[in-house]
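The C-terminal position of the sequence shown is numbered 90 in my numbering, with every residue numbered one higher than the one before it.
All C-beta atoms in this analysis are idealised placements derived from N, C-alpha and C, irrespective of residue type, glycine included.
Because the structure is a prediction, the values reported are computed rather than measured.
As structure tokens, the structure follows; a few thoughts come after it.
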Amino acid sequence: MRITESQVEHIAKLARLHLTADELHLYQKNMEKVLDYVQQLESLDTDDIEPAYHAIQLQDHFRQDQVEEGLTQEQTFANAASQTASFFQVPQILSGDNR
């Protein structure tokens, strides 16, 4: 498929790329090769082929959800450096003046 240098310039402008004349020529040839390959792929008969959503078969490795006993409040705060009532107490990192 033929693509012009002005089309490459337009695409480069949209992508905010500044290309030299040599780069324009190089990208023109590369884009033509890509479009030729896509055109070649479009000519294939794929009517009897199932769509492949992934290149390899995916397996779910997650375990089943199971209700388990949680930690007690004492266990939760056992290694806490400091606590106030039912909360972890941490050093203040922001002052009230920061907005």
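A direct Cα-to-Cα measurement between M(-8) and Q50 gives close to 41 Å. Residue pairing from DSSP leaves F53 without any beta-bridge partner. I(-6) sits close to Q19, with the two beta carbons spaced by under 8 Å. Residues L15, H16, Q19 of the same chain have their beta carbon placed closer than 8 Å to that of E(-4), with the five preceding and five following residues left out of the count. A straight line joining the alpha-carbon of Q48 with that of Q64 spans about 44 Å.
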